[in-house]
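One structure is given here, and the rest of the page talks about it.
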Amino acid sequence: MSRKIIAGAVLAAVIGLAACEKQLTVQNPNSGETARVLGTPADAEALISTYYKRWSSGVYGSIGSIEGMSNIFSLMNYSSLANNCQNVHAPFTGATNFNQPGNSCAGEQSRLFSIMGEVNRVASSFLGKMKAGLSLGTPARDARARSWAEFLNGISLGYVAMMHDSGAVVTAATGPEETPPLVSYKVVADSAMAAFGRAIAEASKPGVTAADGFPIPNTWLPSPTNWTVPNYLALIRSYRARILANVARTPAERAAVNWAAVIADAQNGIAADHLVTTSTTVGPSNGWRAQYDTYGLWHQMPPFIIGMADVSGSYAAWIGTPLGDRGAGNNGFTMVTPDLRFPQGASRAEQQAEFNIAQCQAAATPCKRYFVNRVAGGDQFAGFSWASSNYDFVRFHSWRVAGDGGSGQNGNTPFMVKAEIDMLQAEGLYRTGNYAAAAALVNLTRVKNGLPAITDFNATSPVPGGTVNCVPKIPVAPYTVVGCGNLWEALKYEKRIETAYTHYSAWYLDSRGWGDLPFETPLFWAVPFSELQARGVSITAIYGAGTGTGNAPNSFANVKSTYGW
-10 MSRKIIAGAV LAAVIGLAAC EKQLTVQNPN SGETARVLGT PADAEALIST YYKRWSSGVY
50 GSIGSIEGMS NIFSLMNYSS LANNCQNVHA PFTGATNFNQ PGNSCAGEQS RLFSIMGEVN
110 RVASSFLGKM KAGLSLGTPA RDARARSWAE FLNGISLGYV AMMHDSGAVV TAATGPEETP
170 PLVSYKVVAD SAMAAFGRAI AEASKPGVTA ADGFPIPNTW LPSPTNWTVP NYLALIRSYR
230 ARILANVART PAERAAVNWA AVIADAQNGI AADHLVTTST TVGPSNGWRA QYDTYGLWHQ
290 MPPFIIGMAD VSGSYAAWIG TPLGDRGAGN NGFTMVTPDL RFPQGASRAE QQAEFNIAQC
350 QAAATPCKRY FVNRVAGGDQ FAGFSWASSN YDFVRFHSWR VAGDGGSGQN GNTPFMVKAE
410 IDMLQAEGLY RTGNYAAAAA LVNLTRVKNG LPAITDFNAT SPVPGGTVNC VPKIPVAPYT
470 VVGCGNLWEA LKYEKRIETA YTHYSAWYLD SRGWGDLPFE TPLFWAVPFS ELQARGVSIT
530 AIYGAGTGTG NAPNSFANVK STYGW
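Residue 211 in our numbering sits at position 222 of the sequence shown, and the numbers go up by one each step.
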């Protein structure tokens, strides 16, 4: 990232964090003041301790990000609103990730890139100072700090690699005035993997639990989890598994992932949902999670994926209808499913009576269903009719309105669910031919949510239930009819339902690698134009992603998806 661009951002972030947490007052760590900012052990550790919150701010802290666009591309969400460039990123419209100077999405499209670059710069500057002789006082404390800084490097570089086509890698050897060159997302991803490896190595040194060493203080990463070495390493390995799998742009790249490494990391990953303690005053926060839960025009769930749970014939009829006619006449989609993550009942009225969000309005009260059949007065029909279903996602409604103690968005909420890591392991096992082990993991969430266990351990047998009652059903050739999915489709279905709205661009990243994004969907976001200009790139050479003139080659899904859309 350009030093000139990052400097102001870093300064603002550091001042803001200091003001919120009253921990430190520092100068810009990317300017010539670096020596003073990181010059004392206390200042150096205080600074680096705030940078998980800064990372989280870049990923989750604002709706002014590309997450809203990616969730629409992946058919997880739909909104007809122009806010945050949602309505101009609808599938089936030739939407592109345009990147011209001054474009209306510039703020959203630069946020992740900018803040991840800042985190990488600060963490690497800290490591450079330690390499030059800075000590925090004890070997254990030094190892903890080095590991933490490398973890920050891993997650910041990793998220750039997943979402952008290229990025800059700042290392401990990079000078404060130096602007590293842009390198491909694969190189950025490799650098993230290397940083994770160093983070693990530092945390695994003998004596790291001595005085002033581990655990990681919860002020650094607010959570009910005690960040002992084992818990911390499990988190690192879970992030590493997520990023390693999700960097892939195409099915071919996803197939070429080092699945043995993903399996190993997932098997040694988190043992329960990774909860973060959010705060509306000092952070972290989760902007899109809160915004979607206001419903209305911000949040509609198209039937493309959730409809796979249907056993009533509604989804088959919907798939058999031409795209432009689906939902026409303000006809919202209702289905019947044995999947207990959805409301139960044979009609819309029965489903509304069986579960409504008033049942989980109180503090620390999980909703018994992930989805609700909303009251009819809340239906929205603006925009494309194919986006209309009668379902809203409500899994985190209690957190949004009441938090843990009555104050909304203050309390524990998952930023990574265990089912995601289980399904990463299952995907690796499936791809390496261990179908029985993959099915055992798929069955964990499948069976507890009312679906019959998969007992045929191969790549072809349909899931149990017969042609009427099987879940999931998927569109099959000629893609106007549906059929029962197999183990692979059951795996994908479980991952989607369990990870819906749980983390950044969840369905987009998986669907991209699985070949399930709609035809002509952009596969990444370009380096923001401001960064390109700061590096001397001419206006005529600035590019975006997607179809058409002015976009990078091979930057969109150039064949129809697995499901024919």
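We put the beta carbon where it would ideally sit given N, CA and C, even for glycine.
- Just so you know, the alpha carbons of T510 and F102 end up roughly 20 angstroms apart.
- In the DSSP assignment, A427 falls within the alpha helix (DSSP H) that extends over 424 to 437.
- Between W503 and T434, the C-beta spacing is not below 8 angstroms.
- Annotation for N215: P204 place their beta carbon closer than 7 angstroms to its own, counting only its chain and skipping 5 residues before and after.
- Scanning G53, I37, Q75, W44 for the CA closest to the CA of G372 turns up Q75.
- In this structure E191 is buried. Its beta-carbon is surrounded by 16 or more other beta-carbon atoms within 10 angstroms.
- By the criterion of a C-beta distance shorter than 8 angstroms, Y497 is surrounded in its chain by S59, N60, F62, S63, M65, L506, once the five residues flanking it on both sides are discounted.
- Q340 and N320 do not touch by the CB rule: their CB atoms are close to 17 angstroms apart, not below 8 angstroms.
- Following the DSSP letters along the chain, one finds V465 inside the beta strand (DSSP E) bounded by residues 462 to 465.
- Among the bridge pairs identified by DSSP, C473 is matched with K462.
- Exposure of K120 is indicated by the presence of fewer than 16 other C-beta atoms within 10 angstroms of its C-beta.
- Contiguous alpha helix (DSSP H) elements confined to the segment 518 to 542 occur at 518 to 523, taking only those with 4 or more residues.
- Residue pairing by DSSP leaves T127 without any beta bridge partner.
- In the DSSP assignment, G96 falls within the unbroken alpha helix (DSSP H) covering 95 to 120.
- By the 16-neighbour rule on beta-carbons within 10 angstroms, N247 is exposed.
- Contact between N207 and V159 is ruled out by a C-beta separation of about 27 angstroms, above the 8 angstroms threshold.
- Among the bridge pairs identified by DSSP, H263 is matched with M405.
- Between A161 and G28, the alpha-carbon positions lie close to 15 angstroms from each other.
- In the three-state reduction of the DSSP assignment, V172 falls in the strand class, which pools E and B.
- The three-state reading of DSSP puts A183 in helix, counting H, G and I together.
- The alpha-carbon separation between G318 and S301 amounts to approximately 21 angstroms.
- Between A129 and D201, the C-beta gap is smaller than 8 angstroms, which places the two residues in contact.
- Between A250 and the set L264, R231, T266, the nearest pair of CA atoms involves R231.
- In the same chain as V457, and ignoring 5 residues on each side of it, the C-beta atoms closer than 7 angstroms to its own belong to V300, in chain order.
- Residue G106 holds the alpha-carbon nearest to the alpha-carbon of S45 among Y67, L413, G106, P30.
- Look at A71 here: in three-state DSSP terms it is coil, with no helix or strand label.
- Taking all protein chains shown into account, T269 has fewer than 16 neighbouring C-beta atoms within 10 Å of its C-beta and is therefore exposed.
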